[in-house]
Amino acid sequence: MKCEKCNKPATVHLTEIRSGKKIEKHLCQQCANESEGFPTKAHTPINELLTNFVLAHSGLAKEQAGACPQCGMTWGDFRTSGLLGCEHDYAFFDKDLTPLLQRAHDNATHHLGKVPTRCGGTSVPVKRQVDLNRLRKELSRAVEAEDYERAAKLRDQIRIAEGGAATSGTSTGDATPGGV
Amino acid sequence: MSEIVISSRIRLARNVAGFPFLTRCSRSARQSLEEKVRDTILAARLSPKTLYVDLESAPEIDRQLLVERHLISKPHKDAQGARGVAVGENETLAIMVNEEDHLRIQVLRSGLQLEEAWEQINAVDDQLEASLDFAFHPRFGYLTACPTNVGTGIRVSVMLHLPALKLTSEIEKVFRAAKEMRLAVRGLYGEGTEATGDFYQISNQSTLGKSEEEIIGDFKHTVIPKIIDYEHNARKALLSEHAVALDDKVWRALGLLRSARLMETEETLVALSHVRLGVNLNRVKNIDINKVNELFLLTQEAHLQKILGKKLEGDARRAARAEFIRQRLCAD
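Right, here's the structure in full:
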């Protein structure tokens with residue numbers, strides 16, 4: 002079938018209903034763009050769409066942006082092997098890794114387990130950080146359960162642990178059962 | 113070894129800070145890493161006798177022997193480059209060096225002894241950590257080569273013998289229960305292996321966002337009792353409704369083991385599994401359960417060849433296996 006306007010092969014076929022009357026149009030890509038306001042690349046191939054979809058969610062699009070300065074690993078390398086290259090990759094690929102970690106670990110993103118007793122001589126702040134992770138998890142559970150009393154207490158504890166002052170002057174670091 | 117729960121295993125994945133993970137380790141870095149870790153392990157005096165096996169130079173049969181004893185993984189056996197395993201405490205402790213992570217510490221206990229295993233492995237981890245800086249991040253926890261192990265780096269596995277659930281075609285229940293708890297079900301030798309001889313390994317999948325105690329608690333209090341219950345019920349059902357069919361399975365298996373002239377590894381495991389069930393349910397008397405339990409291990413290829421003191425392949429190996437089993441089971 003040829004384009005109604007210029008005789009090139011028609012690739013765009015339109016059916017319109019105007020005042021109850023069916024109008025069919027057969028146009029080439031260029032005439033369709035001009036007369037119907039179609040974007041120049043009206044039909045993005047499905048594989049491109051899908052790749053773009055994956056890219057947008059996996060960070061592959063940013064691959065060129067970086068290889069880990071420590072080990073040279075790129076996100077693409079990781080996608081291929083499933084293994085990271087060094088300890089610094091976790092911080093380096095943080096944004097891309099987080100959704101992956103959530104899928105693998107039941108939505109978790111923060112460590113709540115053992116802390117090394119000596120971690121480059123910084124074990125105390127590390128321990129505090131992991132305690133904070135735990136308090137935050139408990140807080141979100143309390144909010145979910147609509148236990149706002151407990152949530153308020155936890156929020157205070159978090160502020161204290163973060164080094165800030167608690168809003169309610171009565172709260173201490175300990176959660177006293179039935180205390181409020 | 114209890115009737116249903118064969119063993120409990122806990123492993124921790126650890127990496128030494130300052131060294132790249134093994135995918136990015138040069139040959140020489142890998143070598144010096146192995147030396148460093150090996151020396152630390154041996155100096156830490158983790159047990160009165162700690163044996164270190166250099167797997168790069170160990171012969172194939174020794175490596176296979178270690179796999180059969182669950183002391184190393186199959187990938188570790190087949191890998192290339194500097195790597196090893198330290199074995200201590202009567203083989204209840206094994207530390208793989210340069211597997212997927214720099215260290216894979218494992219404690220193996222018979223029956224359901226998860227808390228004891230955790231206590232032991234936690235102490236070993238502390239001892240090693242006194243001399244090694246492990247890669248750790250306050251948010252991500254212990255950093256591992258594969259993000260599926262990050263956080264606690266813990267894998268808790270319980271090995272179960274579930275022949276009745278298999279015979280009654282109810283094994284799906286186990287898969288369902290495991291799936292609900294986000295646990296994985298694997299075969300006798302872990303990841304990627306078939307459930308031969310009705311042995312199933314249940315292990316946790318997520319390692320982040322829960323403490324080690326919580327992960328162990330889920331196993332001990334929720335999933336394992338449930339599966340044990342299913343198996344008990346299936347055993348009861350077999351006894352009350354299908355006793356003849358059950359006896360037929362058990363005695364056929366025993367007949368095979370006592371008469372066959374060529375035995376494959378897999379058919380041996382299947383037959384031993386049925387005999388084990390028969391002995392457990394008192395359908396077969398005069399057979400020592402320990403002898404049956406031992407045969408599961410001793411009929412494996414490397415063990416068999418080591419015991420007989422010669423390299424055996426093909427029919428010669430199958431014939432030797434059949435003879436070995438006949439001697440063991442007919443001597444009663």
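Protein sequences, first through last, are from chains F and Y. Numbering of the first sequence is given in the numbering used here, commencing with residue 2 and proceeding in unit increments. Numbering of the second sequence is given in the numbering used here, commencing with residue 113 and proceeding in unit increments. Every residue gets a Cβ at the ideal spot worked out from N, C-alpha and C, and that includes glycine.
Under a three-way DSSP split, which group does residue i fall into?
i: residue 110 of chain F; result: coil
i: residue 65 of chain Y; result: Past the edges of chain Y, shown from 113 to 444, lies residue 65 of chain Y, and the structure says nothing about it.
i: residue 82 of chain F; result: helix
i: residue 155 of chain Y; result: helix
i: residue 404 of chain Y; result: helix
i: residue 63 of chain Y; result: Residue 63 of chain Y lies beyond the residue range present for chain Y, which begins at 113 and ends at 444; the question has no answer from this structure.
i: residue 269 of chain Y; result: strand
i: residue 369 of chain Y; result: helix
i: residue 297 of chain Y; result: strand
i: residue 124 of chain Y; result: strand
i: residue 251 of chain Y; result: coil
i: residue 48 of chain F; result: Reliability of the predicted coordinates at residue 48 of chain F is poor, the pLDDT of 46 falling under 50, and the value obtained from them is presented with this limitation in mind. DSSP places residue 48 of chain F in helix when its eight states are reduced to three.
i: residue 165 of chain Y; result: strand
i: residue 242 of chain Y; result: coil
i: residue 390 of chain Y; result: helix
i: residue 117 of chain Y; result: strand
i: residue 3 of chain F; result: strand
i: residue 217 of chain Y; result: strand
i: residue 426 of chain Y; result: helix
i: residue 73 of chain F; result: coil
i: residue 138 of chain Y; result: coil
i: residue 281 of chain Y; result: coil
i: residue 68 of chain F; result: strand
Within its chain, find whatever has a CB closer than 7 Å to the CB of residue i; leave out the 5 residues flanking it on each side and keep chain order.
i: residue 177 of chain Y; result: 414, 415 and 418
i: residue 183 of chain Y; result: 197, 199, 203 and 206
i: residue 132 of chain F; result: 162
i: residue 143 of chain Y; result: 194
i: residue 376 of chain Y; result: 430
Among the residues of its own chain, which have a CB less than 8 Å from the CB of residue i, if the five just before and after it don't count?
i: residue 135 of chain Y; result: 257
i: residue 102 of chain F; result: 109 and 110
i: residue 143 of chain F; result: 149, 151, 152 and 155
i: residue 226 of chain Y; result: 120, 122, 268, 270, 328, 331 and 332
i: residue 264 of chain Y; result: 124, 253, 254, 319, 320, 322, 323, 324 and 327
Could one say the Cβ of residue i lies closer than 8 Å to chain F's Cβ atoms, at least one of them?
i: residue 277 of chain Y; result: no
i: residue 241 of chain Y; result: yes
i: residue 235 of chain Y; result: no
i: residue 72 of chain Y; result: Not covered by the structure: residue 72 of chain Y. The range shown for chain Y is 113 to 444.
i: residue 162 of chain Y; result: no
i: residue 323 of chain Y; result: yes
i: residue 247 of chain Y; result: yes
i: residue 195 of chain Y; result: no
i: residue 253 of chain Y; result: yes
i: residue 250 of chain Y; result: yes
i: residue 298 of chain Y; result: no
i: residue 105 of chain Y; result: This structure cannot speak to residue 105 of chain Y, because chain Y is shown only from 113 to 444.
i: residue 76 of chain Y; result: Only positions 113 to 444 of chain Y appear in the structure, and residue 76 of chain Y is not among them; the question remains open.
i: residue 181 of chain Y; result: no
i: residue 294 of chain Y; result: yes
Residues in the same chain with beta-carbon distance under 6 Å from residue i, minus the five sequence neighbours each way, listed in chain order, please.
i: residue 135 of chain F; result: 113
i: residue 338 of chain Y; result: 289
i: residue 401 of chain Y; result: 391
i: residue 139 of chain F; result: 155
Kindly say whether residue i, judged by its beta-carbon, lies nearer than 8 Å to any beta-carbon of chain Y.
i: residue 117 of chain F; result: yes
i: residue 92 of chain F; result: yes
i: residue 107 of chain F; result: yes
i: residue 141 of chain F; result: no
i: residue 136 of chain F; result: no
i: residue 130 of chain F; result: yes
i: residue 88 of chain F; result: yes
i: residue 113 of chain F; result: yes
i: residue 67 of chain F; result: no
i: residue 155 of chain F; result: no
i: residue 36 of chain F; result: no
i: residue 4 of chain F; result: no
i: residue 28 of chain F; result: no
i: residue 72 of chain F; result: yes
i: residue 83 of chain F; result: yes
Compare the C-beta of residue i against all C-beta atoms of chain C and say whether one is closer than 8 Å.
i: residue 238 of chain Y; result: Reference to chain C is not applicable here, since the protein chains of this structure are F and Y.
Contacting positions in the stretch 120 to 146 of chain Y - beta carbon closer than 7 Å to chain F: 127, 129, 132, 133, 135 and 136
Determine which residues of the stretch 258 to 289 of chain Y have a Cβ less than 8 Å from any Cβ of chain F, and write them out in chain order. 258, 259, 260, 262, 263, 264 and 266
Which runs of the beta strand (DSSP E) fall wholly inside the stretch 6 to 34 of chain F and span at least 3 residues, in chain order? 13 to 19 and 22 to 28
Quick one: complete alpha helix (DSSP H) runs, 4+ long, within the stretch 171 to 212 of chain Y? 172 to 180 and 186 to 190
Please go through the stretch 307 to 361 of chain Y and give each complete alpha helix (DSSP H) segment of 4 or more residues, from N-terminal end onward. 324 to 329 and 336 to 353
Output, in sequence order along the chain, the residues in the stretch 6 to 25 of chain F whose CB is closer than 8 Å to any CB in chain Y. none
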